[in-house]
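Notes follow once the structure below has been shown.
There are 2 protein chains.
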Amino acid sequence: MASSTLKVKCSECPIRHRAVCARCDDDELDMLEGMKTYRSFRAGEAILWRGENLLFVASVVSGVATLSKTLEDGRTQMVGLLLPSDFIGRPGRKEIDFDVTAATDVTLCCFQRAPFEKMVDETPHVSQRLMELALDELDAARDWMLLLGRKTAREKVATFIEMLVRRSDTNVTFSFPLTLSLPLTRNQVANYIGLTFETVSRQLSALKQEQVIDFNDRRHLEILDLAALTIATGDKDADGFM
Amino acid sequence: MASSTLKVKCSECPIRHRAVCARCDDDELDMLEGMKTYRSFRAGEAILWRGENLLFVASVVSGVATLSKTLEDGRTQMVGLLLPSDFIGRPGRKEIDFDVTAATDVTLCCFQRAPFEKMVDETPHVSQRLMELALDELDAARDWMLLLGRKTAREKVATFIEMLVRRSDTNVTFSFPLTLSLPLTRNQVANYIGLTFETVSRQLSALKQEQVIDFNDRRHLEILDLAALTIATGDKDADGFM
DNA sequence: TTCGATCTTTGATCTAAATCAAATTGGATG
DNA sequence: CATCCAATTTGATTTAGATCAAAGATCGAA
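So the protein sequences, as listed, match chains A and B.
Counting in my numbering, the first sequence runs from 1 upward without gaps.
Counting in my numbering, the second sequence runs from 1 upward without gaps.
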């Protein structure tokens, strides 16, 4: 199962300014140091099962995890993608209604429930930050409802790639042609955007054919024409309005 | 536009124990009385537009409102349904990314932003209640992602009806055969579950044909066989497990 | 370095739901 | 009460994406 990893000091943590601890001062970081443990998961490993009692809450430090729901006959739908700084677990919630799985190797910064919840209760900016993170997830879920309910296969694939561009750290450097790592297999992408892996593959091939994107290995994408990609999402009209 | 309505005293409010004010004491209710206004909207009227600056936050007192997103070419997807006690507006958010529309005649209990946010900051149980309401919406959004991404037309329609049963007040009395009011047109239902209105109509006719449900007028449904309806949702296996 | 497993691509065919097209119904309005 | 308009039902046809199928590519392990 999960192995322990060398703990990084909060002050040197890569997600320091985006995670739940974003607005903590030095004293508060010291408190967190005392209740935190690092845990690592290998790609493919289960992090949490649906219905399982949450023994910890956690921030994703590195890697990518998926949230997914499964119907009895095996159809599955991803309902979220956790990237570094995203949070697992909610105040007052003892369990979750989806499975959490490591898509790549993942390192979590885990907090023991009891002391963490005590800190949340006593530190308004921490509970405010949790609220912000929850509302961001709600916005993302609603954008995805539009994608799942109304977008075409092409629009779904384009929207997924654009989301990766927007959320990945690579766009900080922003060197063209933009290269980004694709943390999911075709099948996982399909489960995220409500398609089959064959359709995902076909749409990726079409976008490559049209020189909107390029790829040679399975784990990376190059964005050749971001404007064309954006148009292909269906979100904005030709003028880029909306 | 919205007309004002006679204000009901908080202590006699029908949503008193489920809304954001659920855990307020008498003093706190007095504070709320001072900052609240009732506003009514006719069926079909816009309550809020996407991007509009939120001048108030509000609880739904009566009626049903829809949250929806629209693509440039007119395809629309409902991303939420607001029933009595549901809340509009979030701490720290000045605008919303979807349209809010009255599906039936709607009465809102509106709070001025500034004093309400002050109260949220000073009253932990109110901000906790807001967090609970947001997390409930997040759970609902994720259930809907599974529906939109993976369910068949039949499963979608059955799930929608079952959700109405679960959330409507009628199930308090629970007299069989269960009758419930359908606050949406076929077209609105279609926009909620990612189908066309023709497909919704066909699936409703099929469920009627199979004597799972019955209906004569457009605005009501009778549940003849709740067990069959539940199986038709695809959520649970034949034993009702899950 | 080869083997085997998994992932990916691409082609052929099928199908669930969309689209197109009329009736028909029902509720609101004068 | 008659009229009208929007909502609904039902049928015929089309189509986007699923499913079925098979051939490559990639990668880790022996």
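For each residue, glycine too, the CB sits at the ideal point set by N, CA and C.
Since we're looking at a predicted model, the values are computed, not measured.
{"Check": "If contacts are defined as beta-carbon pairs under 8 Å, then Tyr192 of chain B and Leu184 of chain B qualify, I think. What distance do you get, rounded to the angstrom?", "Outcome": "7 Å"}
{"Check": "Closest by CA to Arg150 of chain A, which one among B:Arg166, B:Leu204, B:Ala190?", "Outcome": "B:Ala190"}
{"Check": "Please name the residue, chosen from B:Arg218, B:Leu229, B:Gly194, that lies closest to Glu210 of chain B on a Cα-to-Cα basis.", "Outcome": "B:Leu229"}
{"Check": "Do the region 128 to 143 of chain B and the region 93 to 101 of chain A make contact, defined as three or more Cβ pairs closer than 8 Å?", "Outcome": "yes"}
{"Check": "Could you tell me whether the Cβ of Glu222 of chain A comes closer than 8 Å to any Cβ of chain B?", "Outcome": "no"}
{"Check": "Does any residue of chain A bring its CB to less than 8 Å from the CB of Trp49 of chain B?", "Outcome": "no"}
{"Check": "What residues in the region 145 to 173 of chain A have a beta carbon less than 9 Å from any beta carbon of chain B?", "Outcome": "Met145, Leu146, Leu147, Leu148, Gly149, Arg150, Lys151, Glu155"}
{"Check": "Locate the alpha helix (DSSP H) running through Ser40 of chain B, then write down its first and last residues.", "Outcome": "Where Ser40 of chain B is concerned, there is no enclosing alpha helix (DSSP H), although the beta strand (DSSP E) it sits in stretches over 36 to 41."}
{"Check": "Comparing C-alpha positions only, which one of A:Glu12, A:His125, A:Thr107, A:Phe87 sits nearest to Arg42 of chain A?", "Outcome": "A:Thr107"}
{"Check": "If we cut at 8 Å on Cβ distances, does Ser127 of chain A have a partner in chain B?", "Outcome": "yes"}
{"Check": "Count the CB pairs spanning the region 195 to 211 of chain B and the region 149 to 165 of chain B that are closer than 8 Å, and state whether there are at least three.", "Outcome": "yes"}
{"Check": "Comparing the C-beta of Met131 of chain B with each C-beta of chain A, is any distance below 8 Å?", "Outcome": "yes"}
{"Check": "Count the C-beta pairs between the region 111 to 127 of chain A and the region 32 to 40 of chain B that are closer than 8 Å, then say yes if the count reaches three, no if not.", "Outcome": "no"}
{"Check": "What is the DSSP secondary structure of Asn53 of chain A, reduced to helix, strand or coil?", "Outcome": "strand"}
{"Check": "What number of angstroms, rounded off, separates the C-alpha of Arg75 of chain A from the C-alpha of Asp235 of chain B?", "Outcome": "11 Å"}
{"Check": "Take Leu29 of chain A as the anchor and find which of A:Arg90, A:Pro84, A:Cys109 has the nearest alpha-carbon.", "Outcome": "A:Cys109"}
{"Check": "Going along chain A, which residues have a C-beta under 7 Å from Pro91 of chain B?", "Outcome": "Met131"}
{"Check": "Does any residue of chain A have a CB that is nearer than 8 Å to the CB of Phe87 of chain B?", "Outcome": "no"}
{"Check": "Apply the 10 Å Cβ neighbour rule to Ala227 of chain A and answer buried if 16 or more other Cβ atoms are within range, or exposed otherwise.", "Outcome": "exposed"}
{"Check": "Looking only at its chain, what residues have a beta carbon closer than 7 Å to the beta carbon of Asp225 of chain B, apart from the 5 residues adjacent to it on each side?", "Outcome": "Gln211, Val212"}
{"Check": "In three-state terms, what does DSSP make of Ala22 of chain A?", "Outcome": "coil"}
{"Check": "Can you pull the chain B neighbours of Gly142 of chain A, defined as C-beta to C-beta under 8 Å?", "Outcome": "Looking at the sequence provided, one finds Arg at residue 142 of chain A rather than Gly. Residues of chain B passing the Cβ test: Leu67, Lys69, Val79, Gly80, Asp97, Phe98, Ala141."}
{"Check": "Quick one: Cα of Ile223 of chain A to Cα of Asp73 of chain B, how far?", "Outcome": "26 Å"}
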